[in-house]
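Engineer: This is the structure I want to talk about, given as structure tokens.
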Amino acid sequence: MPVHPVPADRASQAAAAHARGPAGPVRSDAEVAGRVDALIAQMSVAEKAGQLTQYFYFALQPSEDLEAAFGASFSRQPAMVEAALARGEVGALLFVTDPVEVNRLQRLAVEGSRHGIPVLFGFDVIHGLRTIFPVPIAMAASWDPGCIEQGQAVAAREACAAGIHWAFAPMVDIARDPRWGRIIEGAGEDPYLGAAVAAAQVRGLQGDGLGSPDRVIAGPKHLAGYGAALGGRDYDEVNLSDSELWNVYLPPFRAAVQAGAGNIMTAYMDLNGIPATGNRWLLAEVLRGMWGFDGFVVSDAQAVHDLRTHGFAADLADAGARAVNAGVDMEMAIGDPAYAHLPDAVRAGLVDEDVLDGCVRRVLSAKVRMGLLDQPYVDEDRAREVLADPAHRAVARTAAQRSAVLLRNEGSLLPLTASGSIAVIGPLADSRRDTLGPWVFDYDLGETVTVLDGIRNRAGDGAVVGYAPGIRPAHRAFPSMFDMFGGNTPADPADFDDDAELARAVTLARESDVALVVLGEWQNMIGEAASRSSLELPGGQLALLQAVVATGTPVVLLIMNGRPLDLRWAAENVPAILDIWYPGTEGGTAVADVIFGDVPPGGKLPFSWPRTVGQIPVIYSHTISHQPGNQGRRYWDETSTPLFPFGHGLSYSRFEYRDLTVDRNQIHPGQTAIVSVTVTNTGQRSGDEVVQLYIHQRHGSASRPVRELKGFQRVTLAAGESRTLEFPLGPGQLRYWNAATRDWVIDTSTIDVFSGGDSTAELTTSFTIAA
Ligand code: BGC
């Protein structure tokens, strides 16, 4: 099967060059193989199975809730893990982030076991460790691979300092159903953007490869299709057509593998009827065979056990054998591991010892390359210094500035001047925990700047800033497993008088020159195990917004979210809407930077923003069919186009596009055409624009989408400045997986090209692909 490399965009190449340190991986393949083979030769089958096991090790007090969530073995887990460490039967641990504890546990393996093989420490370093970056969907909204790479390099530096060797990131699952809470962890709906973001994250986390100083192993996840869960319900089955799988869901994984990812994590659900964690086709044929992946594969947490739950494996021993035979090198286990049965499976001939050795070889190779066999311990003093590095917060601030998306700005209400009186309204405006978003555990709330803090700091004595929450926090109907970690659910304020608080917020708004209303979802309402059946603003937030708008004071709505929410009322009644996502440690500072115009907003939506939940899924890259003129009237009760299109995002300036040209009228399959377009800042201020390039194939051996993103570059232009940008359109962009021929094809056809500031761009030209 011809698999052509997808050319990285130029901006990301430049950023990669910049971020790479002078030192690369220092261990030759021969050295790695020699050390690994020498160890394998001395290991028992039980020790080999142990190397293939990763245990959770929680510093949580056992409780009934924890046992209910993780099984009855939870309370005896620390003792069980420590005994296994001493036997040399642990390959990796997860959830330990205290360097002192890392060293204590590492000593048990290195000094207490027969071969002294160190363990890998893994963790969910999703958007920062101590310095929290905007959530991944927000980083994707920056459309800035350099910024994304830099953010993950900071996260890696902190993780490394804490003794972590491996990040369970990036999540590269395409998500087209925002009911699915984990849309927040990915890059949205588009495979091209998703691939660019995936590669940037891998480069940021891993640097030049395993063993680069201050970097960790990147573990793209969850192979594959997890984002397409039926009904948006987390963990539920996924049924994807051949075309969707190859053209939409797999490209970000392939890009992550090409960027050198050292690990891949499997997914929980059934993919077209086969559990992803027992799916030999996916793991052996596609991942290793077609893409040449040579790192190690880990299961998602307890996903090997789940092979039994799926009704796939007969029992735990069968589950372990089938996972290994499918290509899962390491089991991530919460309780008793299924891989503990592997020695029996080898004896029974269900698993060939050579297959087991192959898995062990891949895991040990990662340890050798990471330098663990030479230096298994972490420097506890350095950890304190690195984690407190203020330079990290500066990078997080820039990232939060660059990820904000200006959805609407009627009458140029934004930017504001820091004078007069400003009302800040809404409970999320002053919630440190919510400002950080989900999937963080090692944050420091004392360092976290809320929107209210940021506005107050920036306004100084120049403006009077008042605050009223207006309403109490809303709650989930059903709790999530994350609620077992402290501080995850919003605290209900004591003595909160609902009527009086609403009245106080309205009065504050009425008496102020402008009202900043911060609304969205509380962070425990989005993420893993946080799917929902509606997109409405939870709790009394819409009523609060309507009451504030009714005062007549101009309103700026700041949305704190990881998925699109139902903003139909706001989009007609609120002049300015800025999507700030969960902006992280420096979030409030960055939001103030944007609101007061110190930096321009330039982020763009990485998904089509639906009007209402009933429209899901709504994507820009649909194919065209009968009565295309009625695309916006497919429902009789609501417009069927998005509220805001994919790629949308305004600036404080204006941009005009012209001279969209292709360097030749015709190419042949395999050749590359160069498209150029000139963009001019026609406004009065400097601004950022993400120049986007889309194609549409007019005819061919399959129906192709009305638009497909095939290039983008974020640029900063001074008022009046013009820039001509070039984008290649070659095999990487023009080929697609054809479900009829079950292969990649480049059709002879006419290709329409569009360029502009979002997926509805009108400036167009075309060229042909001739035989
Ligand atoms: C998630 C993974 C995560 C793992 C370890 C699972 O529930 O699906 O994304 O890496 O837990 O925390």
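Note that our numbering gives residue 767 to position 750 of the sequence shown, counting from 1, and the numbers run on in steps of one.
Just so it is clear, CB atoms sit at the ideal spot from N, CA and C, and this is done for glycine as well.
(1) Checking the sheet assignment: what are the DSSP bridge partners for D287?
(2) So which residues put a beta carbon under 5 Å from any heavy atom of the ligand BGC, going in chain order?
(3) Going by the CB atoms, is the gap between V770 and Y711 shorter than 9 Å?
(4) Between the beta-carbon of D705 and the beta-carbon of R731, is there less than 9 Å?
(5) Please classify W586 as buried or exposed, where buried requires at least 16 neighbouring CB atoms within 10 angstroms.
(6) The beta strand (DSSP E) that contains H713, what's its start and end?
(7) Where in the segment 32-118 do unbroken runs of the beta strand (DSSP E), each at least 3 residues long, occur, reported from the N-terminal end onward?
(8) Taking C-alpha atoms, which residue in V385, R297 and Y72 lies nearest to V345?
(9) Going by DSSP, which residues form a beta bridge with F744?
(10) For V107 versus Q59, is the C-beta distance shorter than 9 Å?
(11) May I ask you to list the residues that DSSP assigns as paired with L725?
(12) By how many angstroms is the C-alpha of T782 removed from the C-alpha of T741?
(13) With burial defined as no fewer than 16 other Cβ atoms inside 10 Å of the residue's Cβ, what is the status of R419: buried or exposed?
(14) I want to know whether the segment 224-242 touches the segment 608-620 - three or more CB-CB distances under 8 Å.
(15) So the beta strand (DSSP E) T781 belongs to, where does it begin and stop?
(16) I'd like the ranges of any alpha helix (DSSP H) spanning at least 4 consecutive residues and lying wholly in the segment 344-424.
(17) Report buried or exposed for E81, applying the criterion of at least 16 other Cβ atoms within 10 angstroms of its Cβ.
(18) On the criterion of 16 or more Cβ atoms from any shown chain inside 10 Å, does A788 qualify as buried, or is it exposed?
(19) How big is the Cα-Cα spacing for G224 and A96?
(20) With 16 other CB atoms within 10 Å as the buried threshold, where does P39 fall?
(21) Tell me whether the segment 447-462 and the segment 427-434 touch, counting them as touching only if at least three CB pairs, one residue from each stretch, are closer than 8 Å.
(22) By DSSP, does W160 sit in helix, in strand, or in coil?
(23) What separation, rounded to the nearest whole angstrom, lies between the Cα atoms of V142 and T656?
(24) Output the residue ranges of the alpha helix (DSSP H) runs that lie fully inside the segment 494-558 and measure 4 residues or longer, sorted by chain position.
(25) In the DSSP output, which residue or residues are listed as bridge partners for N578?
(26) So for A440, helix, strand or coil by DSSP?
(27) Give the straight-line distance between the Cα atoms of V341 and R364, rounded to the nearest whole angstrom.
(28) If contacts are defined as beta-carbon pairs under 8 Å, then G337 and A362 qualify, I think. What distance do you get, rounded to the angstrom?
(29) From what residue to what residue does the beta strand (DSSP E) around I768 run?
(30) Shortest alpha-carbon distance to V692 belongs to which of T699, R220, D676 and R702?
(31) Looking at R174: is its Cβ nearer than 9 Å to the Cβ of R232?
(32) Please confirm whether any heavy atom of the ligand ADP lies closer than 8 Å to the CB of P195.
(33) Does G133 pass the burial test, meaning 16 or more other C-beta atoms within 10 Å, or should it be called exposed?
(34) Count the other CB atoms, across all protein chains shown, that sit within 10 Å of the CB of R339; report buried if there are 16 or more and exposed otherwise.
(35) Would you mind giving the Cβ-Cβ distance between A526 and V565, rounded to the nearest angstrom? I have them listed as a contact below 8 Å.
Structural biologist: In short, the structure shows the following:
(1) P292
(2) D141, F185, D317 and A318
(3) yes
(4) yes
(5) exposed
(6) G704 to Q714
(7) 70-73 and 109-111
(8) R297
(9) V692
(10) no
(11) The sequence given here places Glu at residue 725; Leu does not occur at that position. Bridge partners of E725: I712.
(12) 16 Å
(13) buried
(14) no
(15) L780 to I786
(16) 359-364, 370-386, 397-404 and 407-420
(17) exposed
(18) exposed
(19) 36 Å
(20) Legend: pLDDT at P39 = 34, less than 50; position of this residue unreliable, value from coordinates given subsequently. Exposed, because fewer than 16 other Cβ atoms sit within 10 Å of the Cβ of P39.
(21) no
(22) coil
(23) 40 Å
(24) 515-527
(25) DSSP, once it has assigned bridges, lists no residue as partnering N578.
(26) strand
(27) 15 Å
(28) 6 Å
(29) S766 to G773
(30) D676
(31) yes
(32) The ligand ADP is not part of the structure shown, which contains the ligand BGC as its ligands.
(33) exposed
(34) buried
(35) 4 Å
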